[in-house]
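Asks: Sequential numbering of the sequence shown, starting at 33, is according to this note's numbering. Idealized CB from N, CA, C, for every residue including glycine.
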Amino acid sequence: MASYYENYAPSYTAKQYNDTQKVRGYPDIAANGNNIVIYEQGGLTLEWGTSASAPIVASLISLINEERIAAGKSTVGFINPVLYANPEAMNDITTGSNLGAGTEGFECVPGWDPVSGLGTPDYERLLKVFMALK
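Right, here's the structure in full:
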């Protein structure tokens, strides 16, 4: 997060966001959350946003846990420290923004940014990272 503010600090003020740089940045990671088919109240519908993307990420971690258990290892537990230590296990999102608060929003940039965090998970790379852990 420090690199983001050092190299890509937005011009917005405390009127638009907490610009103290003393808070935790979020998101940690992202996933496609647009036009995801879900089953709801007896039928199929399209969903978008965190309600769609969070279960996608959770399912990837569940698959990794299954692989670890099959290899005689424990489940992964709290994943954030591993993610931040291995950003190469993510697909870095470097284009786009998130409009809001009367602004053009934050821009996606190389590395962590407030739009996509570290990026989207690459299952094969993420599996390799987690399987290498004890």
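Does the separation of the CB atoms of I93 and V108 fall below 8 Å?
Replies: yes
Asks: Look at the Cβ atom of G137, then the Cβ atom of S129, and state whether they are nearer than 8 Å.
Replies: Contact flag set, yes.
Asks: At a cut of 8 Å, does the stretch 73-81 reach the stretch 148-165 through at least three beta carbon pairs?
Replies: Short answer: they don't touch.
Asks: Suppose contacts are defined by Cβ-Cβ distances below 8 Å. Is V69 in contact with L78 by that definition?
Replies: yes
Asks: For Y37, which residues does DSSP report across the bridge?
Replies: Answer by DSSP bridge pairing: none, since Y37 is not bridged.
Asks: How is T135 classed by DSSP in three states: helix, strand or coil?
Replies: strand
Asks: Just reading off the beta strand (DSSP E) that Y44 is part of, what are its end residues?
Replies: Careful: Y44 lies outside any beta strand (DSSP E) and carries neither H nor E.
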